[in-house]
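**Student:** Here it is: the structure, laid out below.
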Amino acid sequence: MYDRVAPPRSEAELLERAQELAGLGLGQLAARFGEQVPGEPRRAKGYAGRLLELALGADAASRPEPDFTRLGIELKTVPVDAAGLPQESTYLTLAPLRGLTGLAWAESAVRRKLARMLWVPVEGTREVPMAARRIGWPVLWSPSAEQEAALRHDWEELMLLLTTGQLSTLDARHGQWLQIRPKAANARVLAAAHDETGAPAADLPRGFYLRARFTAQILSSAAGALA
DNA sequence: GCGTGATCATGA
DNA sequence: TCATGATCACGC
147 MYDRVAPPRS
157 EAELLERAQE
167 LAGLGLGQLA
177 ARFGEQVPGE
187 PRRAKGYAGR
197 LLELALGADA
207 ASRPEPDFTR
217 LGIELKTVPV
227 DAAGLPQEST
237 YLTLAPLRGL
247 TGLAWAESAV
257 RRKLARMLWV
267 PVEGTREVPM
277 AARRIGWPVL
287 WSPSAEQEAA
297 LRHDWEELML
307 LLTTGQLSTL
317 DARHGQWLQI
327 RPKAANARVL
337 AAAHDETGAP
347 AADLPRGFYL
357 RARFTAQILS
367 SAAGALA
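Just so we're aligned, residue 147 is where the first sequence starts under our numbering, counting upward by one.
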């Protein structure tokens with residue numbers, strides 16, 4: 147079979163690996179692992195992300211930890227259009243719906259995820275078949291002071307709505323850069339939450355997402371999005 | 001069933 | 001056209 151790629155031992159090694167993948171099509175990369183890219187895009191959500199995890203040696207295995215556990219780095223692939231602009235928001239982490247009293251930004255899961263991230267743009271326009279979509283130039287990123295302040299502002303606004311049990315008024319329009327949207331297999335899924343009075347209740351699981359216009363800043367801070 | 005990886009598809 | 005709300009696949 148095919149050996150699993152060993153986790154990178156340093157940021158530099160991880161970045162080098164990602165840079166070596168730039169310009170490759172997803173089909174070419176998949177072939178290195180004896181895989182074929184799924185044919186139907188609707189059934190291939192998340193495939194590019196899983197393939198890049200495999201190729202770069204991510205070791206978190208879908209546990210709620212950074213993808214590169216030893217380096218504390220989170221990997222995100224982001225679909226971009228022909229101009230290199232992100233086409234979609236980026237999922238960060240589940241939003242806590244219960245037991246969130248006293249939760250501070252400094253200890254939040256959102257901040258931990260954002261602390262250090264490797265962004266890999268991938269061609270994502272629907273006209274391009276999955277296998278032909280090319281991997282772009284990677285960006286190793288941490289938030290600037292201004293970016294972190296803006297994200298913290300959004301997070302605190304959103305968390306206030308969560309802690310007061312105002313799930314019914316919380317929708318994806320809140321937040322300038324961060325937003326909260328459903329994150330579930332379907333709209334019938336329920337997670338432990340609480341109501342406006344603080345009593346236990348169940349509600350649709352939600353996740354924190356980074357808006358595409360924020361991700362655009364990250365990608366444009368580096369040179370070309372596509373190699 | 002949950003949290004991970006995300007993108008799809010429809011209404012505004 | 002575009003973002004919101006809904007959905008699809010995988011590992012365990």
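Ideal Cβ placement from N, Cα and C applies to all residues, glycine included.
Quick one: residues in its chain with C-beta nearer than 7 Å to the C-beta of F354, no 5 flanking neighbours on either side, listed in chain order?
**Tutor:** These residues qualify, in order along the chain: L238, T239, A241, V256, L324, I326.
**Student:** Using beta-carbon positions only, say whether H320 and L307 come within less than 8 Å of one another.
**Tutor:** Their beta carbons are under 8 Å apart, which means H320 touches L307 by this criterion.
**Student:** Is it the case that the Cβ atoms of A176 and L197 are separated by a distance below 8 Å?
**Tutor:** Contact: yes.
**Student:** Who are the Cβ neighbours of A190 in its own chain at under 8 Å, not counting the five residues just before and after it?
**Tutor:** The answer, listed in chain order, is V183, P184, M276.
**Student:** Under 8 Å between the Cβ atoms of P153 and R209?
**Tutor:** Result no, Cβ atoms of P153 and R209 do not sit closer than 8 Å.
**Student:** Check for me: the alpha helix (DSSP H) holding D349 runs from which residue to which?
**Tutor:** Element bounds for D349: not the alpha helix (DSSP H) but the beta strand (DSSP E), 346-349.
**Student:** Pick out whichever of T223, R352, A338, R188 has its Cα sitting closest to the Cα of T361.
**Tutor:** Residue T223 is the option with its Cα nearest to T361.
**Student:** What residues in its chain sit with their C-beta under 6 Å from that of L231, if we drop five residues either side in the sequence?
**Tutor:** Answer for L231: A362, listed in chain order.
**Student:** Opposite L286 in the DSSP bridges: which residues?
**Tutor:** DSSP, once it has assigned bridges, lists L264 as partnering L286.
**Student:** Spatial neighbours of R150 within its chain, please: C-beta separation below 6 Å, excluding the five flanking residues on both sides.
**Tutor:** Taken in chain order, the list of residues that qualify is empty.
**Student:** What residue ranges within the stretch 172-198 form continuous alpha helix (DSSP H) runs of no fewer than 4 residues, ordered along the chain?
**Tutor:** Qualifying alpha helix (DSSP H) stretches, in chain order: 172-178.
**Student:** Find the nearest neighbour of L221 within the set Q293, G245, G169, L286, judged by alpha-carbon distance.
**Tutor:** Comparing Cα-Cα distances from L221 to each of Q293, G245, G169, L286, the minimum goes to L286.
**Student:** Of the choices R244, N332, V268, whose alpha-carbon is the least far from that of E342?
**Tutor:** If we check each option's Cα against that of E342, R244 comes out closest.
**Student:** Classify P212: buried if its beta carbon has 16 or more other beta carbons within 10 angstroms, exposed otherwise.
**Tutor:** When all chains shown are included, P212 counts as buried.
**Student:** Return helix, strand or coil for T309, following the three-state DSSP convention.
**Tutor:** The answer is helix: DSSP assigns T309 an H, G or I state.
**Student:** Using only CA atoms, which one of R359, P328, T247 lies nearest to S314?
**Tutor:** If we check each option's Cα against that of S314, P328 comes out closest.
**Student:** Can you tell me whether DSSP reads E342 as helix, strand or coil?
**Tutor:** Coil, per DSSP.
**Student:** Quick one: Cα of A291 to Cα of G180, how far?
**Tutor:** Approximately 43 Å between the Cα atoms of the pair.
**Student:** Cβ of D349 within 8 Å of Cβ of A339?
**Tutor:** Yes, they are a contact pair.
**Student:** Specify the secondary structure class of T271 as computed by DSSP and reduced to three states.
**Tutor:** Correct three-state label for T271: coil.
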